Amino acid sequence: MGTVVLGTGSCLPERILTNVELESIVDTSDEWIQSRTGIAARRIGGKGEKTYQLAAKAAERALEAAGVMADEIDLVIVATLTSHMLMPSTACFVQDEIGAKNAFAYDLNAACSGFLFGFDAADKYIQADHSKKILVIGVETLSSRLNWKDRNTCILFGDGAGAVVVGYSESERGLLKSDFGSDGSLWELLCMYGPQSLNPDLEIENHPGSHVLMGGREVFKHAVRAMEDAVHGVLDKEGIGLDSVDLVIPHQANIRILNKLVERLSIPQEKLFINVSKYGNTSAASIPIALDEANNKGLISVGDTVLFCAFGGGFTWGAVLIKW
């Protein structure tokens, strides 16, 4: 008995930015990008594809798949670090856009781990009140927060949204266990400053601009170790081994991190879902986009055990285990 996924949905911007196109923007090449990241292309938001608009379309598709009306939704949780505005929340814009008039709504920012944090929060609401139906959305328009002259970051990220509708089931299906962690002392390795303060006394000296900053090598080491620990943690809590997991959907960061994680955990390729080559790193949106794609391809069956793991700025990390 637990919190189950009733429907999935996703929305990707129409524009595809290839590595070849990036060659005219920064000093890079298709071969260099693919060999180091596994990314061949990413989606870039355009007109009519603002953060809340992508999120709303993904939500509508998840609602349709679930057979749930928008006015049946009690709560909208949006995980994002590229919110449409600082206030109101992107979730409030989504609530209005889809007509979820009976829901309350808020944003959650845990960077790339945000969707899993949001999924876990939704589980707690549903365990407290079995009647609730909740939309959990991961969405990013990272193209709006990149330094397009920095080849170490601009080649990695893309835009998109993924969503799930979750509710309660009396069956043995549902969220089994979760395991999360954070380390704020390492924030400078992966961060994004906000707008400069309008109060001179609160200004940040040498403000670098409101775009993604990353120390790639250090992030790599911490990401692999933290996700590995989270996976072991969630499996130990459930008392099972990786051989009992049917599908692993990790955060789609880059292929080197994924390959190292697979190597350290000894995950068979047939149990792994990866789509980073098509979309790049979409931060909080990466896991729900991948989940929707795997679901639509028929790669998940009722009763399957599915494992998610993520790592993001903060640092934040975690793993969630569900019975589909």
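Residue 125 in this note's numbering sits at position 141 of the sequence shown, and the numbers go up by one each step. Glycine residues also receive a C-beta, built at the ideal position from the N, C-alpha and C atoms. Source: prediction; values computed, not measured.
Name the residue from 133, -2, 229 whose alpha carbon lies nearest to the alpha carbon of residue 145. -2
What distance in whole Å lies between the Cβ atoms of residue 205 and residue 163, which are believed to be in contact at a cut-off of 8 Å? The C-beta distance from residue 163 to residue 205 rounds to 20 Å, too long to meet the 8 Å contact threshold.
DSSP on residue 292, reduced to helix/strand/coil? strand
Examine the Cβ distances between the segment 221 to 236 and the segment 156 to 174 and report whether three or more of them are shorter than 8 Å. Counting Cβ pairs under 8 Å, three or more are found: they touch.
Span of the beta strand (DSSP E), counted from its first residue to its last, around residue 31: Taken as a continuous stretch (DSSP letters only), residue 31 belongs to no beta strand (DSSP E), as it is neither H nor E.
Thinking C-beta only, is residue 65 closer than 8 Å to residue -5? no
DSSP state of residue 3 mapped onto helix, strand, coil: helix
Give a yes or no on contact between the segment 1 to 12 and the segment 72 to 88, applying the rule of three or more CB pairs nearer than 8 Å. no
Between residue 28 and residue 143, is the Cβ-Cβ spacing less than 8 Å? Yes, they are a contact pair.
Where residue 177 falls: helix, strand or coil (DSSP): coil
I need the straight-line Cα distance from residue 131 to residue 260, nearest angstrom please. 21 Å
Secondary structure of residue 217, DSSP reduced to three states: helix
Three or more C-beta pairs under 8 Å: does that hold for the segment 69 to 80 against the segment 237 to 245? no
So, with DSSP's three-state summary, where would you put residue 308? coil
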